[in-house]
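Engineer:
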Amino acid sequence: MKIAITGGTGFVGTKLTNELVHAGHYVYILTRNPDQHYDTDKTTYVGWLQEKYTPWDELPTLDAIVNLAGESLHSGRWTNAKKKSIMDSRIEATEGVLELIRHLKTPPEVLINASAVGFYGQSKTKTFTEETEKPGNDFLANVVVEWEKRANKARDLSVRPVFVRFGIILGENGALPKMTIPYKLMIGGNLGSGDQWMSWIHVDDVAGLIQFAIQEKKVEGPLNGTAPNPKRNKDFGQTLGKVIGRPHWMPAPSFAIQSVLGEMSVLLLEGQSVIPKKATLHGYEFQYPELESALKAILR
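My numbering numbers the first residue of the sequence shown as 421 and each following residue consecutively.
#1: Taking all protein chains shown into account, decide if Asn-653 is buried (16 or more other Cβ within 10 angstroms of its Cβ) or exposed.
#2: Under the rule that 16 or more other beta-carbon atoms within 10 Å means buried, what is Ile-449, buried or exposed?
#3: Once you ignore the five residues that flank Ile-521 on each side, which residues in its own chain have a CB closer than 8 angstroms to its CB?
#4: By DSSP's criteria, Lys-651 is part of a beta bridge. Which residues make up the other side?
#5: Which of helix, strand or coil does DSSP assign to Ser-535?
#6: Identify, in the order they occur along the chain, each residue of the same chain with its Cβ nearer than 7 angstroms to the Cβ of Val-441, setting aside the five sequence neighbours on each side.
#7: Am I right that Ile-695 and Asn-644 are in contact with their C-beta atoms under 8 angstroms? What's the rounded C-beta distance?
#8: Tell me where the alpha helix (DSSP H) around Gly-516 begins and ends.
#9: Going by Cα to Cα distance, which pick from Asn-593, Gln-658, Arg-452, Pro-650 is closest to Gly-609?
#10: Consider the Cβ of Thr-437: report whether some Cβ of chain B lies at a distance smaller than 7 angstroms.
#11: I'd like to check one pair, Trp-617 with Gly-691: are the Cβ atoms closer than 7 angstroms?
#12: List the DSSP bridge partners of Phe-548.
#13: With a threshold of 16 other CB atoms inside 10 Å of the CB of Phe-539, please say whether the residue is buried or exposed.
#14: Between Ser-619 and Pro-650, is the Cβ-Cβ spacing less than 7 angstroms?
#15: Rank Leu-611, Ala-676, Thr-499 by C-alpha distance to the C-alpha of Trp-669 and give the top, closest one.
#16: Are Ser-679 and Thr-547 touching if we call contact CB-CB under 7 angstroms?
#17: What does the Cβ neighbour count give for Gln-724, buried or exposed, with the cut at 16 atoms within 10 Å?
#18: Among Glu-515, Ile-634, Pro-480, which residue has its Cα nearest to the Cα of Ala-489?
#19: Answer yes or no: do Glu-491 and Ile-511 have a C-beta to C-beta separation smaller than 7 angstroms?
#20: Please identify the residue among Gly-444, Thr-545, Lys-716, Ala-676 whose C-alpha is closest to the C-alpha of Lys-662.
#21: Taking Ile-425 as part of the beta strand (DSSP E), name the residues at either end of that continuous run.
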């Protein structure tokens, strides 16, 4: 297959590109700075999101587009300007993908658009699946609603849209290295109450789910990108400490985290239990359904 990826040079994009190339597919990476990269026999860098670039003139007939572009939620305190940047980066990238599709002579069969479990809002008591239609009412939920609303316009272009609502992605990069720092310093423990849910997924399963969604034509709309066994923060931390041989004992109080991070502290102190019901029903088999084996694969 021929697959275009936005955000292809990031943590998830790099992993996905390597997996696709290994499987024999050809990858076109859409980037603002194609001249900073080198093509290979299975990857081509194509400029986009600037007036001087016309990617539709450089691309062949595509089987799929994967949109992973968007500013990181962890890239700084959530000032009003930062929140606007988080929202605008996702809208701009998704609208850019739609514009690309409109210019292509033949549209791709599917658009896989990154999304987030933040759609569901925060809860310590509820469990969410793709059948949960009502979104939360906080900043992250609002971002996801607007993000998916844009991606859903692909239907009008005869393209099957899939919104992969990712949880915490675990790998050698991303959030996990930061999580291990307190444990390596022997001060690991609960964040706040420790009762908040952490819906996680190994990066190998992220790449696997995306490929699954490309090939499984019955999958469309929301698709939860989480492992089937979410953990509460205290259980996640105890497992992490066990895997790296460090104690889990010193809690970080909520007020301290809130004073340092402000509104961004919701990423650490709140959460949601999200189950990948649709992936399971359609036959996807997780490589890492359990947290301990996932952490061992990364950290050992």
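Note that the Cβ used here is the ideal one computed from N, Cα and C, for glycine as well.
Structural biologist: According to the structure shown:
#1: Residue burial is scored here from C-beta neighbours: Asn-653 has at least 16 other C-beta atoms within 10 angstroms and is therefore classed as buried.
#2: That one is buried.
#3: Cβ contact annotation for Ile-521 (same chain, cutoff 8 angstroms, sequence separation greater than five): Ile-485, Pro-527, Pro-528, Leu-531, Ala-574, Leu-577, Val-579, in chain order.
#4: The partner list for Lys-651 (beta bridge, DSSP) reads Met-618.
#5: Ser-535 falls in the strand class under three-state DSSP.
#6: Within the same chain, Val-441 has close Cβ partners Val-447, Lys-462, Thr-463.
#7: The C-beta distance from Ile-695 to Asn-644 rounds to 7 angstroms, short enough to meet the 8 angstroms contact threshold.
#8: 500-523 is the extent of the alpha helix (DSSP H) around Gly-516.
#9: The shortest Cα separation from Gly-609 among Asn-593, Gln-658, Arg-452, Pro-650 belongs to Gln-658.
#10: Absent from the structure: chain B. Only one protein chain is present.
#11: In contact: Gly-691 and Trp-617 (Cβ atoms closer than 7 angstroms).
#12: Beta-bridge pairing links Phe-548 to Val-694.
#13: Burial call: buried.
#14: Pro-650 is positioned such that its CB atom lies closer than 7 angstroms to that of Ser-619.
#15: Minimum Cα distance to Trp-669 is reached at Leu-611.
#16: In this structure, Thr-547 does not lie closer than 7 angstroms to Ser-679 by Cβ.
#17: Residue numbering for the chain in the displayed model covers 421 to 720; residue 724 lies beyond these limits and cannot be assessed.
#18: If you compare the alpha carbons of Glu-515, Ile-634, Pro-480 with that of Ala-489, the shortest gap goes to Glu-515.
#19: Cβ distance not < 7 angstroms, so Glu-491 and Ile-511 don't count as in contact.
#20: Checking every option, the nearest Cα to that of Lys-662 belongs to Lys-716.
#21: 422-426 is the extent of the beta strand (DSSP E) around Ile-425.
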